[in-house]
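So the structure is just underneath, and the comments pick up after that.
Residue numbers (our numbering): 15 to 417.
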């Protein structure tokens, strides 16, 4: 009866995770963190199948049952650390927002998995991690702790990353998101402790499914409020966040909103194609992420080629300082890029005025108007400069008249 109950829990978990995975596929998610989450879903589904097979084959006596048992346990012991590794990488990319940095750290993430896999291969010939006795009953061996250590090492790394990031953020929505990520580890941790105390109990993968359900709700919420191209917050999230800020006691004259518009973006699209235009938007978003990483700013893409920075004016982080840093970062990109296009930003900003601004649109409109003032000034200067250049060319280009 116990075996049937465990297998039913495995089947229930597989069904839930399959629907989550199918929903992710239909949503067409393309960001790295969503791909990692999809990988976690698939890996846990396979692990649930292996776990169910282990229970069904326990004490089974038919030709090939021993080999099937060894296969189920070997694959199960190989996939379990891979799941926690994928989760650690998911937490890495969600906390650091740096896909290239994660790519550099991947070899470090793989080392414990490689060691565990090597032990499992050797275990096929010499029992080190586990063995199956003549009665087809599973037993742990002296190096089983390596398998457990791999899983808990990844769990600890991911937990430390999200706790550290949560402590650095002042924004309540962001802290809540990181709390959910930290809580992912708790149910499997408690389940693992119970299984260690009561040998033969198997509830860890059911607890993982519960954790995934909890995180998936948060993932869906983030997908609804995130721009898929740049990974920044979208207009919906900006409006909700700004409304919350304005209605809270946090809003005062130190809060500012900055609107950035990519100059000549249509020309980039028309000249180099929409793929180049998308790359230009991603470059701008990456510049914003890099400059605002430690400044507790709220970043969003308004739509098209417009971006928003919401921050607090401090002695070490004023709007003017931010504009200078942005101009410097754009100039550095233009000087070193191999892209065919060059970037230029028109930046306007407005400070929050509690007496005049009682809703989000008022602050956004004020910043938008300032941005258009800057953009118009650029166009006027460019027109005047072009006119002077043409006039100069006309004077110097005329042939001298003979006497």
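Every residue gets a Cβ at the ideal spot worked out from N, C-alpha and C, and that includes glycine.
- Judged by their CB atoms, residue 72 and residue 125 are not nearer to each other than the 8 Å cut-off.
- The C-beta distance from residue 301 to residue 276 rounds to 11 Å, too long to meet the 8 Å contact threshold.
- Secondary structure at residue 329: coil, using DSSP grouped into helix, strand and coil.
- Secondary structure in the segment 243-285: the alpha helix (DSSP H) runs of 4 residues or longer, each lying completely within the stretch, are 249-261 in chain order.
- For residue 156, the secondary structure class from DSSP, reduced to helix, strand or coil, is coil.
- In this structure, residue 95 sits near residue 161, with a CB-CB distance shorter than 8 Å.
- In the DSSP annotation of this structure, residue 54 is not part of any beta strand (DSSP E); the continuous alpha helix (DSSP H) holding it starts and ends at 46-71.
- Remark: C-beta atoms of residue 252 and residue 143 do not approach each other more closely than 8 Å.
- Nearest in C-alpha terms to residue 128, of all of 108, 113 and 164, is 164.
- By DSSP's assignment, residue 359 forms a beta bridge with 276.
- Taken atom to atom, the span from the alpha-carbon of residue 289 to that of residue 214 is near 55 Å.
- If you compare the alpha carbons of 370, 48, 38 and 138 with that of residue 92, the shortest gap goes to 138.
- In chain order, 356 and 357 place their CB closer than 7 Å to the CB of residue 348, counting only its own chain and leaving out the 5 sequence neighbours on each side.
- Selection 248, 343 and 310 evaluated against residue 328 yields 310 as nearest (Cα-Cα).
- Taking the C-beta atoms as reference points, residue 374 is found nearer than 8 Å to residue 256.
- Ranked by Cα distance from residue 223, the first of 16, 31 and 393 is 31.
- The Cβ-Cβ distance between residue 173 and residue 196 falls below 8 Å.
- Counted as a single uninterrupted DSSP element, the alpha helix (DSSP H) harbouring residue 133 occupies residues 113-137.
- In this structure, DSSP gives residue 199 a state outside helix and strand, which the three-state scheme calls coil.
- Per DSSP, the unbroken beta strand (DSSP E) holding residue 317 starts and ends at 312-317.
- Between residue 352 and residue 118, the alpha-carbon positions lie close to 22 Å from each other.
- When secondary structure is reduced to three states using DSSP, residue 369 falls in the coil class, being assigned neither helix nor strand.
- Distance from the CA atom of residue 159 to the CA atom of residue 240, rounded to whole angstroms, is 41 Å.
- Less than 8 Å divides the Cβ of residue 89 from the Cβ of residue 64.
- For the 8 Å CB-CB criterion, residue 157 and residue 133 form a contact.
- In the three-state reduction of the DSSP assignment, residue 240 falls in the strand class, which pools E and B.
- In the structure shown, residue 148 falls within a coil segment according to DSSP collapsed to helix, strand and coil.
- Note: residue 322 is bridge-paired with 273 and 314 in the DSSP secondary-structure output.
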